[in-house]
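In terms of the numbering used here, the numbers along the sequence shown are unbroken and rise by one, the last being 406. We put the beta carbon where it would ideally sit given N, CA and C, even for glycine. Everything numeric in this text was worked out from a predicted model, so none of it was measured.
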Amino acid sequence: MLRSTYAVIHLPALLKNIRRAKRNLKPETKFLAVIKANAYGHGIVEVGRYLERTDAVDMLAVAIPEEGVQLREGSVKLPILILGVTDAAHNALVVSNDLTAAVFTPEQVYALEVCAKSIGRDALVHLKLDTGMRRIGVLDNAQLDAVLDAFDACPHVRMTGVFTHFAKSESDPAFTRLQAQRFEAFVARIRARGFRPVVHACNSAGTLDYPEYQYDMVRFGIALYGCHPDPRRTECSGLTPVMSLYTHISNLKTLPAGEGVSYGLRYVTSHPTRIATLPIGYGDGYKRCLTGKADVLVGGVRCPQIGTICMDQMMVDVTDVPDVAVGDEVVLIGRQGREQITADELAALADTISYEILLSVSFRVPRLYEE
Numbered sequence: 036m037l038r039s040t041y042a043v044i045h046l047p048a049l050l051k052n053i054r055r056a057k058r059n060l061k062p063e064t065k066f067l068a069v070i071k072a073n074a075y076g077h078g079i080v081e082v083g084r085y086l087e088r089t090d091a092v093d094m095l096a097v098a099i100p101e102e103g104v105q106l107r108e109g110s111v112k113l114p115i116l117i118l119g120v121t122d123a124a125h126n127a128l129v130v131s132n133d134l135t136a137a138v139f140t141p142e143q144v145y146a147l148e149v150c151a152k153s154i155g156r157d158a159l160v161h162l163k164l165d166t167g168m169r170r171i172g173v174l175d176n177a178q179l180d181a182v183l184d185a186f187d188a189c190p191h192v193r194m195t196g197v198f199t200h201f202a203k204s205e206s207d208p209a210f211t212r213l214q215a216q217r218f219e220a221f222v223a224r225i226r227a228r229g230f231r232p233v234v235h236a237c238n239s240a241g242t243l244d245y246p247e248y249q250y251d252m253v254r255f256g257i258a259l260y261g262c263h264p265d266p267r268r269t270e271c272s273g274l275t276p277v278m279s280l281y282t283h284i285s286n287l288k289t290l291p292a293g294e295g296v297s298y299g300l301r302y303v304t305s306h307p308t309r310i311a312t313l314p315i316g317y318g319d320g321y322k323r324c325l326t327g328k329a330d331v332l333v334g335g336v337r338c339p340q341i342g343t344i345c346m347d348q349m350m351v352d353v354t355d356v357p358d359v360a361v362g363d364e365v366v367l368i369g370r371q372g373r374e375q376i377t378a379d380e381l382a383a384l385a386d387t388i389s390y391e392i393l394l395s396v397s398f399r400v401p402r403l404y405e406e
């Protein structure tokens, strides 16, 4: 039995967003879809399977080995890159599941060589270069030469790719150009040593705004799910939101003026008010910090959330909705009639980013997949 609170994942919207991105790309440019963190809250296995069926992407990316194993156990066969650090204890997991690790130190290469030799199959890796993010990656030529020496000494470790990550591609063209220049200098040094890896740097903003840096492959993350990294640009980006979030009215009551609502009685009615209770709260990922700030859609009408958002329930003012009834559909993210509420809108109210809003939708909210 399905909960009355659920998310709908519009899978064809993923393909629309990929097609939007590919308008900027050369036909031969490879396309990597980032589906880490449960596909940004959308469902990692379901999204991975769909993308594989559509034949729209060449590679997937996750953050940790366990996510890659989850995809393999879900029968996803596409190449999978692990973007984060793989602990040596997980090397066997990576090699045996045909996952591609990100490496940036000689020690990582040597450890993978031992593991790969013992298992009897090559370890696939992409070399991570730090050109300005200052998170992980090779920092300078001395470090790069040491890692390349390790590759020369480790015949069972194959460098199939090299990549960096733009830190401000949604807002700073000058710094993005600087990172690209640093990256290209590193890549030239790598090629001079005889390596021929797939080269990639563009994230979502880079893919949409800097086609000159598409190299051999691009990585599409948040934009895959319909949000631009710069929230001011989502509406004009041509991207289509993939997730909608719904609930239904569980109770209705009319309160006179002067009545407090919810924990702390922080909201007090100023006039006779029709109040709807909704079976969703911060336990479902609808953030408590949205208290008194957000709207929902009922009958195509924007209705303000009132009173403190609870763990499992919250209240909204539906005074302006004609013929409102228990069981009526409520849209928290998505479109109803002519109105729309986006993840970017909620993110602005919560002083965060769309990524966190989408990721916050918790495990107890069922996902329905539309193809």
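Please determine, among 275, 283 and 309, the residue with the shortest C-alpha to C-alpha distance to residue 291.
309
Need the endpoints of the alpha helix (DSSP H) that residue 102 sits in, please.
100 to 108
Given this structure, state the Cα-to-Cα distance separating residue 234 from residue 321, to the nearest angstrom.
39 Å
Nearest by alpha-carbon distance to residue 293: which of 209, 305 and 299 is it?
305
Please classify residue 262: is it buried, with 16 or more other beta-carbons within 10 angstroms of its beta-carbon, or exposed?
buried
Taking the CB atoms as reference points, tell me whether residue 97 and residue 79 lie closer together than 9 Å.
yes
Under the three-state DSSP convention, the category residue 279 falls into:
strand
Straight-line gap, residue 51 to residue 277 (C-alpha atoms, nearest Å):
10 Å
Find out if the Cβ-Cβ distance for the pair residue 240, residue 205 is shorter than 9 Å.
yes
Going by beta carbon distance, what residues of the same chain come within less than 6 Å of residue 328, once the five residues before and after it are set aside?
384
Do the stretch 347 to 366 and the stretch 397 to 406 touch if we need at least three Cβ pairs shorter than 8 Å?
no
Determine the direct distance from the alpha carbon of residue 348 to that of residue 59, and round the result to whole angstroms.
44 Å
Please report how far the alpha carbon of residue 493 lies from the alpha carbon of residue 44, in whole angstroms.
Nothing about residue 493 can be reported from this structure: the residues present for the chain run from 36 to 406 only.
In the DSSP assignment, find the unbroken beta strand (DSSP E) run with residue 68 in it and report its ends.
65 to 69
Beta-carbon proximity list for residue 171, same chain, < 8 Å, skipping 5 on both sides
119, 120, 137, 139, 163 and 165
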